[in-house]
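Scroll down for the structure; my scribbles are underneath it.
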Amino acid sequence: MSRIVYVNGRYLPYAQACVHVEDRGFQFADGVYEVCEVREGALVDEGPHLARLGRSLAELAIPEPMSMAALAHIMRETVRRNRVRNGLLYLQVTRGTAPRDFPFPSPEIERTVVCIAWPRAPDLLEAQAVRGIAVKSLPDIRWRRCNIKTVMLLPACLAKEAARNDGAHEAWFVDGNGFVTEGASSNAWIVLDGGAVITRQIGPDILSGVTRATLIEGLAKEGISFMERPFRLTEAQSAREAFITSASNTVMPVVRIDGVTIGDGKPGPITRTLRSKFHQFAAISVS
Ligand code: PDD
340 MSRIVYVNGR
350 YLPYAQACVH
360 VEDRGFQFAD
370 GVYEVCEVRE
380 GALVDEGPHL
390 ARLGRSLAEL
400 AIPEPMSMAA
410 LAHIMRETVR
420 RNRVRNGLLY
430 LQVTRGTAPR
440 DFPFPSPEIE
450 RTVVCIAWPR
460 APDLLEAQAV
470 RGIAVKSLPD
480 IRWRRCNIKT
490 VMLLPACLAK
500 EAARNDGAHE
510 AWFVDGNGFV
520 TEGASSNAWI
530 VLDGGAVITR
540 QIGPDILSGV
550 TRATLIEGLA
560 KEGISFMERP
570 FRLTEAQSAR
580 EAFITSASNT
590 VMPVVRIDGV
600 TIGDGKPGPI
610 TRTLRSKFHQ
620 FAAISVS
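According to my numbering, the residues represented by the sequence shown are 340 to 626, in order.
Right, here's the structure in full:
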């Protein structure tokens, strides 16, 4: 089936979907984005993703391109036109197109809005979750405003590539004090021997994950003890369980960190429970 992409007011065939060469997203990474899970044709946690997009835009003083309701309509329409039942949706907003100059152009210029959706086979992801993934640690070389979901993802690309070259699926960034900040495109979690679930507190060092927030609500519902604090790589390596969260993975078990086996090397029971219950905790859009 041919793919359809939303670009600046039009739904276009994939091959014709283009933005200008002087788009500030292209030249300066001056833009923000969201990735949402599509499940059974519906968007998962659409509201929180749009709310975060609004916060990211505000942090960078990019005027909202349209109402959040209009953006939600575009997201749903992109899913519908591509007939995605299970997959992912990508929404990007940049400051727009202007002759190359560092300071912001007039706020009157049109923002660039792009929306793409694509299917993924749920059984492939599920098979990965049954095995669990390996993680490679790397120094966190990113900037100090990681709470803004910008398209400036080169450090994440470098880290993911290094991870892949080491047979790992995700990279975990480590700060100057030896504490894990987060994954290259996910939040990082561990489960202690007593069963307490730990993840780093939100702040400028990490992205405030939508999946993270939904899972925290789920932990409370399940009566699982939970603490927000930094943890070292060594603590993670000796933890009972470890996992990552993101819209693209929901809850994904981690079974190896820098070659060290976590627990018995298989996804642990708490991680498996949280993965299986995740969509009960999340908000599923109805259109
Ligand atoms: N990444 N931390 C980083 C650095 C991320 O890029 C992401 C998401 C997360 C998890 O956020 P959420 O739960 O809202 O997806 C944490 C998306 C999936 C991506 O770039 O593909």
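Built from N, CA and C at the ideal position, the CB exists for glycine as well.
Own chain partners of residue i with C-beta closer than 7 Å, once the 5 adjacent residues on each side are dropped
| i | result |
| --- | --- |
| Ala437 | Glu361, Arg363, Pro444, Ile448 |
| Pro352 | Ser341, Ile343 |
| Arg419 | none |
| Met491 | Ala368 |
| Thr553 | Asp384, Phe620, Ala621 |
| Val599 | Gln576 |
| Ala578 | Ile529, Val530, Leu531, Ile601 |
Cut-off 8 Å between Cβ atoms - residues of its own chain near residue i, not counting five sequence neighbours on either side
| i | result |
| --- | --- |
| Val469 | Pro606 |
| Gly542 | Asn486 |
| Ala533 | It is Gly, not Ala, that sits at residue 533 in the sequence shown. The residues are Ser564. |
| Asp597 | Val474, Lys475, Ser476, Leu572, Gln576 |
Cutoff 6 Å; reference residue i; Cβ partners in own chain excluding five residues on either side
| i | result |
| --- | --- |
| Ile480 | Pro494 |
| Glu376 | Val383, Ala586 |
| Val423 | Val377, Ala456, Pro458 |
| Ala581 | Ile529, Ala575, Val593, Ile601 |
| Arg434 | Arg363, Asp369, Ile401 |
| Val549 | Asp384, Pro387, His388 |
| Arg595 | Ala473 |
| Leu613 | Val590 |
| Leu392 | Glu373 |
| Ile413 | Tyr345, Cys454 |
Distance, residue j Cα to residue i Cα
| i | j | result |
| --- | --- | --- |
| Ala381 | Gln619 | 14 Å |
| Glu398 | Val590 | 28 Å |
| Gln467 | Pro461 | 10 Å |
| Arg483 | Ile623 | 32 Å |
| Ile583 | Thr538 | 10 Å |
| Asn486 | Glu509 | 19 Å |
| Leu464 | Pro442 | 42 Å |
| Ala356 | Val530 | 44 Å |
| Phe367 | Val474 | 30 Å |
| Tyr372 | Glu379 | 22 Å |
| Asp514 | Arg349 | 42 Å |
| Ala501 | Ile609 | 29 Å |
| Val536 | Asn526 | 13 Å |
| Cys454 | Glu416 | 10 Å |
| Cys496 | Asp603 | 30 Å |
| Asp544 | Tyr345 | 32 Å |
| Ala621 | Ile555 | 11 Å |
| Gly471 | Pro446 | 46 Å |
| Ala390 | Asn421 | 24 Å |
| Leu546 | Val432 | 17 Å |
| Ala498 | Ala523 | 7 Å |
| Lys488 | Arg394 | 9 Å |
| Val625 | Arg551 | 22 Å |
| Val358 | Asn588 | 29 Å |
| Phe617 | Asn425 | 15 Å |
Residues bridged to residue i (per DSSP)
| i | result |
| --- | --- |
| Cys375 | Leu428 |
| Leu477 | Phe512 |
| Val519 | Val513 |
| Trp482 | In the DSSP output, where bridge partners are listed per residue, Trp482 has none listed. |
| Ser585 | Thr589 |
| Asn526 | Thr584 |
| Arg349 | Val346 |
| Arg595 | Ala473, Thr600 |
| Pro458 | Gly426 |
| Val452 | Val432 |
| Glu623 | The identity of residue 623 in the sequence shown is Ile, whereas the question assumes Glu. BP columns for Ile623 point to Val383. |
Using 8 Å as the cut-off, can you tell me whether the segment 571-589 makes contact with the segment 507-521, which would need three or more C-beta pairs spanning the two stretches below that distance?
They touch, by the three-pair rule.
| Just checking, does the segment 402-421 make contact with the segment 449-456 on the three C-beta pairs under 8 Å criterion? | yes
Which full runs of the alpha helix (DSSP H) of 4+ residues lie inside the segment 356-404, going along the chain? 363-367, 385-398
At 3 residues or longer, what runs of the beta strand (DSSP E) sit wholly inside the segment 530-576? 536-538, 565-567
Original post:
Is the segment 545-560 in contact with the segment 494-506, if contact means three or more CB pairs nearer than 8 Å?
Top reply: Contact between the segment 545-560 and the segment 494-506 is absent, because fewer than three Cβ pairs lie under 8 Å.
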